[in-house]
Ligand code: GDP
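Numbering (my numbering), first residue to last: 6 to 437.
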């Protein structure tokens, strides 16, 4: 999601303009604890384009004390922004402070849009026009208070932003896509038979590479899902040498087309390397994940206790996955599959509002600052959720984070927001 920073001297009307852009009337009095106090983040949307709006405190170069801190925050906002909206007061005209800000903005090399605010009369209009001489291109006359010009301003802002990412080619819409995965003989086709029964609703050959039906629409708990590449499951692909390679290619293809993977593990047998490979594969592909321990009817108390230990030891890195214990044979708890899939998809598609995320990051950094390394202490300055499915966060930091600290932040993110059933990706952008 692109980030737009709104900067300018105090009292030029930044917050009023931000409210105008957000389409709200109430004043911005949001008290975000911690480090983000001087920058407030909003999820904004204009003509279907989403972006994050950062409202900074007033910016005065060469400020001292509290003002210096706010200035530092504004510089930070500019450093992490894709575009800057620079607001000046047309009833005052440009001041020395404005010109100093312009110099800093120019050095930042960020695209800047000049907004001359409070243009409510001819005199202010003339003043706004004279602001061409700031060398920032056309001054956009607006009246944040009355809403005048703010639509054109936003159109211009969006033109400065990087292109929206092209459609990744992923399939969208229609029933949710599920990949049933797991090593041979774990019970995939038994489970498919159990839930789909003989009333197979065959979808036409999607891949176009095989004469087999590829996908099936299967109803689970009253919801219809598209089970991917069921031909590969139904047809007994024997694991003779050579075939395994193709079977795993096929699994990979199914994972990539799916939104959620249901990974079967044989509860009656020790967890194997192959199980772990398949789970890792699903995680690395960024899919929602349900782990179904199948053949539960074959387990006794001793085996279940041992399985618990295996989960602790070998599957701990998949602690976030939704888990169910089932028997495809007897039908035990198969009705829990639907809710587990829904839970995982929900975690997978979670979006955390930027203000909420930064309030959390502020509290976290205040309570648990990064340890000092070589005299330096990296700080998390700002975070944004770049995308959902799976939730992917970008943290802007003042230096590289230790691996252990990054994992700590990831863990806390999960504790705070959940994301059950979904991998969570965190990327760091360190500013030197
Ligand atoms: P796939 O290769 O993963 O599709 O596995 P299959 O569905 O063909 O199952 C392999 C074998 O395990 C078959 O003999 C099934 O009858 C058996 N099986 C599958 N699920 C269960 C289960 O929950 N309990 C028991 N006891 N046997 C099962």
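Even for Gly, the Cβ is constructed at its ideal location relative to N, Cα and C.
Nearest by alpha-carbon distance to residue i: which of the options is it?
i: residue 150; options: 53, 17, 260; result: 17
i: residue 199; options: 435, 332, 82; result: 332
i: residue 365; options: 329, 90, 46, 52; result: 46
i: residue 297; options: 110, 265, 363; result: 265
i: residue 156; options: 339, 21, 25, 349; result: 25
i: residue 314; options: 389, 180, 276; result: 276
i: residue 378; options: 115, 256, 408; result: 408
i: residue 405; options: 221, 51, 433, 262; result: 433
i: residue 201; options: 329, 85, 340; result: 340
i: residue 114; options: 290, 19, 83; result: 83
i: residue 50; options: 358, 435, 312, 186; result: 358
i: residue 182; options: 131, 160, 219; result: 219
i: residue 389; options: 58, 303, 19; result: 58
i: residue 349; options: 293, 396, 380; result: 293
i: residue 223; options: 111, 236, 310, 197; result: 197
i: residue 9; options: 60, 257, 318, 52; result: 60
i: residue 288; options: 428, 391, 306, 221; result: 428
i: residue 135; options: 334, 98, 394; result: 98
i: residue 413; options: 431, 137, 387, 425; result: 431
Given residue i, which residues of its chain have a CB within under 6 Å of its CB, disregarding the five upstream and five downstream residues?
i: residue 259; result: 184, 233, 234
i: residue 420; result: none
i: residue 125; result: 148
i: residue 154; result: 146, 147
i: residue 347; result: none
i: residue 385; result: 366, 370, 400, 402
i: residue 142; result: none
i: residue 410; result: 375
i: residue 194; result: 238, 239
i: residue 133; result: 95, 121, 124, 144, 146
Bridge partners of residue i, per DSSP?
i: residue 145; result: 120
i: residue 88; result: 9
i: residue 185; result: 267
i: residue 430; result: 397
i: residue 350; result: None, per the DSSP bridge assignment.
i: residue 224; result: 229
i: residue 330; result: 298
i: residue 402; result: 385, 435
i: residue 94; result: 122
i: residue 50; result: 55
i: residue 378; result: 381
i: residue 45; result: 60
i: residue 293; result: 265
Between which two residues does the alpha helix (DSSP H) holding residue i run?
i: residue 280; result: 278-289
i: residue 422; result: 408-422
i: residue 237; result: 236-239
i: residue 17; result: Residue 17 -> no alpha helix (DSSP H), and no H or E assigned at all.
i: residue 320; result: Neither: residue 320 is in no alpha helix (DSSP H) and is coded neither H nor E.
i: residue 229; result: Run containing residue 229: none in the alpha helix (DSSP H); it sits in the beta strand (DSSP E), 228-232.
i: residue 391; result: No alpha helix (DSSP H) contains residue 391, which is instead part of the beta strand (DSSP E) from 385-392.
i: residue 370; result: 359-372
i: residue 108; result: 101-113
i: residue 127; result: 127-134
i: residue 199; result: 193-201
In chain order, what residues of the same chain lie with their CB nearer than 7 Å to the CB of residue i, ignoring the 5 residues before and after it?
i: residue 417; result: 369
i: residue 28; result: none
i: residue 382; result: 374, 375
i: residue 129; result: 95, 96, 123
Within its chain, find whatever has a CB closer than 8 Å to the CB of residue i; leave out the 5 residues flanking it on each side and keep chain order.
i: residue 423; result: 352, 355
i: residue 329; result: 295, 296, 297, 298, 338, 341, 342, 345
i: residue 118; result: 88, 89, 90, 91, 141, 142, 145, 158, 161, 162, 165
Residue range of the beta strand (DSSP E) that residue i falls in?
i: residue 164; result: No beta strand (DSSP E) contains residue 164, which is instead part of the alpha helix (DSSP H) from 155-165.
i: residue 60; result: 54-61
Examine the ligand NAP and report whether any of its heavy atoms sits within less than 7 Å of the Cβ of residue i.
i: residue 86; result: As presented, the structure is devoid of the ligand NAP, carrying the ligand GDP as its sole ligands.
Does the region 152-166 touch the region 190-204, meaning 3 or more C-beta pairs lie closer than 8 Å? With a cut-off of 8 Å, the region 152-166 and the region 190-204 do not count as touching, because too few Cβ pairs lie within range.
Report yes or no: do three or more beta-carbon pairs, one from the region 317-324 and one from the region 219-231, lie closer than 8 Å? Cβ pair count under 8 Å is below three, so no.
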